[in-house]
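What follows is a set of notes on a single structure, which appears directly below.
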Ligand SMILES: [Zn+2]
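In my numbering, the protein residues as written are 16 to 174.
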């Protein structure tokens, strides 16, 4: 119980976000990241939305809010997969950078911001594509259930 409270509940990325993230980082790397939401020890720090560590993203708020913010998602996954996991980032290095340059100019933050800005257009394209495919699958399910007139319009969007 104590362990559960300390860790927060696991929140998996929605299917479309997972597909889009896998397109950028690779499916294996993505699967190794665990997102935990509503972490109690972040509650007293309302200015922090997320904290990362090796293979982990801890959120103060909900996973739904987090995964609805593509730029933040890219930023945090960059910290984990491009910085923590290759062991370029450590707590000591991060603190050293923060003491020298503050939060905004911290090189790990600069890199994550640039990464998110650079990858955002492609990520949003992939998200839109995943949404379109999911809608088409729904349309096909409707067609299979009831191949009536009203559904033929939807069918032209598939494929
Ligand atoms: Zn950051």
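Heads up, the beta-carbon is just placed ideally off N, CA and C, and yes, glycines get one too.
Keep in mind it's a predicted model, so treat the numbers as computed, not measured.
- Message: Checking 8 Å against the spacing of the C-beta atoms, do residue 149 and residue 68 come in under that value?
- Response: Counting from one through the chain shown, the residue named residue 149 turns up at place 134. Counting from one through the chain shown, the residue named residue 68 turns up at place 53. No, these two residues do not count as a Cβ contact at 8 Å.
- Query: Can you find at least 3 beta carbon pairs, one from the stretch 56-70 and one from the stretch 91-106, that sit closer than 8 Å?
  - Reply: With a cut-off of 8 Å, the stretch 91-106 and the stretch 56-70 count as touching, because enough Cβ pairs lie within range.
- Task: Locate the alpha helix (DSSP H) running through residue 97, then write down its first and last residues.
- Result: Walking along the chain shown from the start, residue 97 turns up at place 82. Element bounds for residue 97: n/a, residue is neither H nor E.
- Query: Rounded to whole angstroms, how far is the Cβ of residue 39 from the Cβ of residue 123, which I believe are closer than 8 Å?
  - Reply: Stepping through the chain shown from its first residue, residue 39 is reached at position 24. Stepping through the chain shown from its first residue, residue 123 is reached at position 108. Going by Cβ atoms, the distance from residue 39 to residue 123 rounds to 18 Å, so no, they are not a contact pair.
- Would residue 11 pass as a contact of residue 51 if the rule is Cβ separation under 8 Å? The question about residue 11 has no answer here: the residues shown for the chain are numbered 16 through 174.
- Message: Going by DSSP in three states, residue 47 sits in which element: helix, strand or coil?
- Response: In the chain shown, counting from the first residue as 1, residue 47 sits at position 32. DSSP, reduced to helix, strand and coil, places residue 47 outside both helices and strands of the structure shown, so it counts as coil.
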